[in-house]
Amino acid sequence: MRILTVTNMYPTENIPQFGIFVREQVDSIRALGHEVDVLFVNGREGRLRHKGYVLGFPRLWKLLARRSYDVIHAHYVFSGIVARAQRSAPLVVTHHGIELVDPWQGPICRLTRSWADRTIVVAPWMVPALGLDDVDVIPCGVDFSVFQPIDRLEARRRLGLDPDRRYILFAGNTWDKVKRYDLIQAAAARVTGEAHDVELIAVSGQPHERVPLYMYAADVLVLASIGEGSAQVVKEAMACNLPIVSTDAGDTWEVIRGTEGCFETTDDPDDIARHLTLAISPPRRTDGRSRVDRFSIQSVARQVEGVYEKVLRETRRSRAVSGRPTEAAS
Numbered sequence: 288m289r290i291l292t293v294t295n296m297y298p299t300e301n302i303p304q305f306g307i308f309v310r311e312q313v314d315s316i317r318a319l320g321h322e323v324d325v326l327f328v329n330g331r332e333g334r335l336r337h338k339g340y341v342l343g344f345p346r347l348w349k350l351l352a353r354r355s356y357d358v359i360h361a362h363y364v365f366s367g368i369v370a371r372a373q374r375s376a377p378l379v380v381t382h383h384g385i386e387l388v389d390p391w392q393g394p395i396c397r398l399t400r401s402w403a404d405r406t407i408v409v410a411p412w413m414v415p416a417l418g419l420d421d422v423d424v425i426p427c428g429v430d431f432s433v434f435q436p437i438d439r440l441e442a443r444r445r446l447g448l449d450p451d452r453r454y455i456l457f458a459g460n461t462w463d464k465v466k467r468y469d470l471i472q473a474a475a476a477r478v479t480g481e482a483h484d485v486e487l488i489a490v491s492g493q494p495h496e497r498v499p500l501y502m503y504a505a506d507v508l509v510l511a512s513i514g515e516g517s518a519q520v521v522k523e524a525m526a527c528n529l530p531i532v533s534t535d536a537g538d539t540w541e542v543i544r545g546t547e548g549c550f551e552t553t554d555d556p557d558d559i560a561r562h563l564t565l566a567i568s569p570p571r572r573t574d575g576r577s578r579v580d581r582f583s584i585q586s587v588a589r590q591v592e593g594v595y596e597k598v599l600r601e602t603r604r605s606r607a608v609s610g611r612p613t614e615a616a617s
């Protein structure tokens, strides 16, 4: 198949970790033998960043004037609106979570939910939030060849970390209010006040390939977000057998539940601190990797491929009933 991915999140030279999960999915679909082009509607960088979405429409039309596609796959609601400004190919839209609960994006998601020919959400909780029954639940995949356990001391040596300390890891944007880094700092301060060999380290803005090193080196990952779709960092930590302490964010509790060394916590800093102490006393690894096989990037790619095949069958059937000619990529 020939596929066009339309996305407002994609890694750039200035922000190499931005939308890395979209690029990984694109690469995994290509690995199955399909052609994938990417239309990046960049609304965050450059002189015309505020006009990025408006300019996305003529960029799409110009691209479609040169090439035809079997399927167009948009990530996030505004990319979906841009991608729907054509009828030459069926549209698949993936919602990643935050937009559904955002005060102004959420209503737009529900208003435009029927515009896509097929819809993907990354976690089960999003199905009722979107208000669509016929959706595919497919989380973003994890590259298990990158996120896998290695020797903790070797990881610490490469990062310049003390081999004898215990490290609490936060991986995300410290400035993002959704991540509640201030709450994590408050909880970590309670732990470090009692145990002087414990330290909080924040990994923000690092190249994606360095994140596994921190997961190998750390003793626990902490998450306190007020909103997640299906937190990628949690699945990656599970793949590294890293203990996790998390508030109820997206499907995180569903992912970690039943894993010894992982803890569900409230958003009270004392409760978070108590669970962090349990997770690192003594330091240990989990069997998380064996519990997240279904999130492998290859498995997810095949599921997304199945959605493409499904939407193509539905489109051909609809065109046959209506008498419209079936278009094929050329």
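The C-terminal residue of the sequence shown carries number 617 in my numbering, and the numbering is unbroken. Glycine is no exception: its CB is placed at the ideal position from the N, C-alpha and C atoms.
So who's on the other strand from residue i, going by DSSP bridges?
i	result
Y454	E486
F279	In this structure the chain extends from 288 to 617, so residue 279 is not present and cannot be described.
V408	H382, V424
A475	Note: A475 sits in no beta bridge, so no partner.
S583	V429
H495	Its beta-bridge partners do not exist; DSSP assigns none.
I359	L291, L378
V521	Answer is none; V521 lacks a bridge partner.
Leaving out the 5 sequence neighbours to the left and right, which residues in its chain are closer than 8 Å to residue i when beta-carbon positions are compared?
i	result
N528	P436, R572, T573, D574, G575, R576
A372	F344, L347, W348
R589	L319
If you drop the 5 nearest sequence neighbours on each side, which residues of the same chain put their C-beta closer than 6 Å to that of residue i?
i	result
I567	R453, D506, V507
M525	G575, V579
Quick one: grab the DSSP three-state call for residue i.
i	result
I302	coil
V328	coil
E322	strand
A352	helix
L508	strand
L347	helix
T573	coil
T553	coil
L419	coil
I567	coil
I290	strand
S533	strand
Taking the alpha-carbon positions, what's the residue i to residue j distance?
i	j	result
F365	E547	40 Å
V591	I359	12 Å
G393	V309	21 Å
E541	A474	23 Å
V424	V594	10 Å
M502	K597	37 Å
R603	R405	14 Å
Q519	M296	15 Å
N460	G447	22 Å
R439	V293	39 Å
I290	H383	19 Å
Q312	V341	25 Å
A616	D324	Confidence in A616 is poor, its pLDDT being 49 and thus under 50, which makes the residue's placement unreliable; the coordinate value appears in the next sentence. A616 and D324: Cα-Cα distance of roughly 13 Å.
G492	V608	51 Å
Buried or exposed for residue i, going by 16 or more other Cβ atoms inside 10 Å?
i	result
R497	exposed
K464	exposed
T553	exposed
E386	buried
Q304	buried
D357	buried
S315	buried
Between which residues of its own chain and residue i is the CB-CB distance below 7 Å, once the five residues before and five after are set aside?
i	result
V388	A416, G514
S605	none
P556	L470, A473, A474, R477
Confirm the yes/no value for this check: CB of residue i, any heavy atom of the ligand COA, distance under 6 Å.
i	result
G492	Ligands in the displayed structure: none, and consequently the ligand COA is not present.
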